[in-house]
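Engineer: Residue numbers (our numbering), protein chains in the order written: chain A, 2 to 202; chain B, 2 to 202.
Number of protein chains: 2
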Amino acid sequence: MEVKITTKPRDTREHILEVAISLFAEQGYSKVSMRNLAKSVGISGASIYHHFPDKQSLYIDAVSHAFSDTAKAMETAFNHTGTPIERLEEFVTCFTELMGNDLDFRKLLHRELLDGDDVRLKLLAERLFIEPFKEVTVLADGLFPNSEPHMMAISIFGLVLFHYETERLRQFLPSTRPEHDQPSTISTHVMQLLTENKAFK
Amino acid sequence: MEVKITTKPRDTREHILEVAISLFAEQGYSKVSMRNLAKSVGISGASIYHHFPDKQSLYIDAVSHAFSDTAKAMETAFNHTGTPIERLEEFVTCFTELMGNDLDFRKLLHRELLDGDDVRLKLLAERLFIEPFKEVTVLADGLFPNSEPHMMAISIFGLVLFHYETERLRQFLPSTRPEHDQPSTISTHVMQLLTENKAFK
DNA sequence: GTCTATAGCCTGATAGAC
DNA sequence: GTCTATCAGGCTATAGAC
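Put into structure tokens, the structure is as follows:
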């Protein structure tokens, strides 16, 4: 019985995707050329076209790949035991940590919010946000009876993400301090803002 | 005494800038070509180079132009009479309205947050955000004594902007309703979230 | 201040050898 | 599955006539 040993049999595709994710995140779709991507991967430009039919398909595959990794991680952010307020706190803490550790994902997300067409936005919603969004909406419905759950859930995601989004801008605003970028500081701030709200009335 | 009448003596530059703002906002720097911009303005590609030395300078001028318009409008968002809570409400309402009516500005802002270099971010901060940010920080310092004013101010801006940022994504999330995009709905929600907080303790 | 023409480069994508 | 060579077209920017 013969066992074929190939140095990199079908990992090339995966490798291309991983490099593509970081390049697309950092520079955006238009500024990444197939040649530069190929060079970063260590193959020729033509070789990419053996694995992907064109640039757009490659981009969509790369984004899907990045999102499915994060989607898996986000499932762990929910604990179904404990009081609603404890569950919200666990989600906010995990989500903030998750976002803090993945700059590429955050940039891809914001690029998609800006430039994604309806097909890609739908994919983004279904693969990534619908389930956590539903859970947060249910928690918000119980904890903030006077606010609309949908808007409250959006606000909770926004509170976390906006602090990261403005990370580079804030160095030029007054009284910025390094710990403002740390996940633990952000999640503590968000929970404080939320729980010293009607949640405890 | 002779008075020269020229149909469009020095408005061409202004015209280019206005068209450029909307194109850069909609498509981003890389996807806007000097040719297409020229065609939208109604002149030849070469003519743009009579008014601007290169594409980068044109982009910076366009962004500065868009930001200075909005900066002027943002000054009106502050009323220095009334209780702190009334003044916060007036700012949130005006700011939300202002953002809601200027899609180009919102897109340019988010593109700059993603891709702006330190020079451009500094310009953005100084020309646009430092003054309102200081005012909101002072209000936050008085109204939310247990939260850090800097983070609280960021959160207030973020609460408004994130609802707009996710406008197109939210059509694919549960229980979305058309009024969720209206400035009045957003500002009411944000104020409710904030004022039924410790501000009233 | 606007034009046409064009230089020189980079782009996405393909052909065909190995 | 990877390569080199190449095509056709778009890009920024310039030259020079009017």
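Note that beta-carbon positions come from the ideal geometry of N, C-alpha and C, so glycine has one too.
Kindly indicate if chain B contains any beta-carbon less than 8 Å away from that of A/N57.
Structural biologist: Per the sequence presented here, residue 57 of chain A reads as Gln, with Asn not at that position. Not one chain B Cβ lies under 8 Å of A/Q57.
Engineer: For a contact meaning CB atoms closer than 7 Å, what does A/K40 contact in chain B?
Structural biologist: Ordered by position in chain B, no residue passes the 7 Å Cβ test against A/K40, which lies about 19 Å from the chain.
Engineer: Taking A/I17 and A/I61 to be in contact with their CB atoms under 8 Å, please state how far apart those CB atoms are, rounded to whole angstroms.
Structural biologist: Actually they do not touch by this definition, with Cβ atoms about 13 Å apart.
Engineer: Beta-carbon of A/L114 versus every beta-carbon of chain B: anything under 8 Å?
Structural biologist: Chain B, which has a Cβ nearer than 8 Å to the Cβ of A/L114, makes this yes.
Engineer: Identify, in the order they occur along the chain, each residue of the same chain with its Cβ nearer than 8 Å to the Cβ of A/L194, setting aside the five sequence neighbours on each side.
Structural biologist: Cβ neighbours of A/L194 beyond the five flanking positions: L160.
Engineer: Quick check: the region 145-153 of chain A against the region 141-161 of chain B, are there 3 or more CB pairs under 8 Å?
Structural biologist: Touching, no.
Engineer: At which residues does the alpha helix (DSSP H) containing B/P54 begin and terminate?
Structural biologist: Where B/P54 is concerned, there is no enclosing alpha helix (DSSP H), given that its DSSP letter is neither H nor E.
Engineer: According to DSSP, is A/N37 part of a helix, a strand, or is it coil?
Structural biologist: The answer is helix: DSSP assigns A/N37 an H, G or I state.
Engineer: When burial is assigned at 16 or more other CB atoms within 10 Å of the CB, is B/K1 buried or exposed?
Structural biologist: Any answer about residue 1 of chain B is impossible in this case: the structure gives chain B only from 2 up to 202.
Engineer: Using a Cβ-Cβ cutoff of less than 6 Å, which residues in the same chain neighbour A/L99 once the five nearest sequence positions on both sides are dropped?
Structural biologist: Excluding sequence neighbours, A/L99 sits near A74.
Engineer: Measure how close the beta-carbons of B/G117 and B/L129 come, nearest whole angstrom, since I'm counting them as under 8 Å.
Structural biologist: Actually they do not touch by this definition, with Cβ atoms about 12 Å apart.
Engineer: What are the boundary residues of the alpha helix (DSSP H) that includes A/D118?
Structural biologist: Premise fails: A/D118 is in no alpha helix (DSSP H) and is neither H nor E.
Engineer: Can you tell me the Cβ-Cβ gap for B/D67 and B/F106, rounded? I've got them flagged as a contact below 8 Å.
Structural biologist: Per the sequence presented here, residue 67 of chain B reads as Ala, with Asp not at that position. About 6 Å; that satisfies the 8 Å criterion.
Engineer: At a Cβ threshold of 8 Å, is A/P184 touching chain B?
Structural biologist: Cβ-Cβ to chain B under 8 Å: no for A/P184.
Engineer: With 16 other CB atoms within 10 Å as the buried threshold, where does B/V64 fall?
Structural biologist: Looking at its Cβ environment, which holds 16 or more other Cβ atoms inside 10 Å, B/V64 is buried.
Engineer: Taking any Cβ of chain A, which residues in the region 121-133 of chain B have a Cβ under 8 Å from it, in chain order?
Structural biologist: The residues in question are L122, K123, L125, A126, E127, F130 and I131.
Engineer: Please classify B/A78: does DSSP put it in a helix, a strand, or coil?
Structural biologist: Note: B/A78 maps to coil in three-state DSSP.
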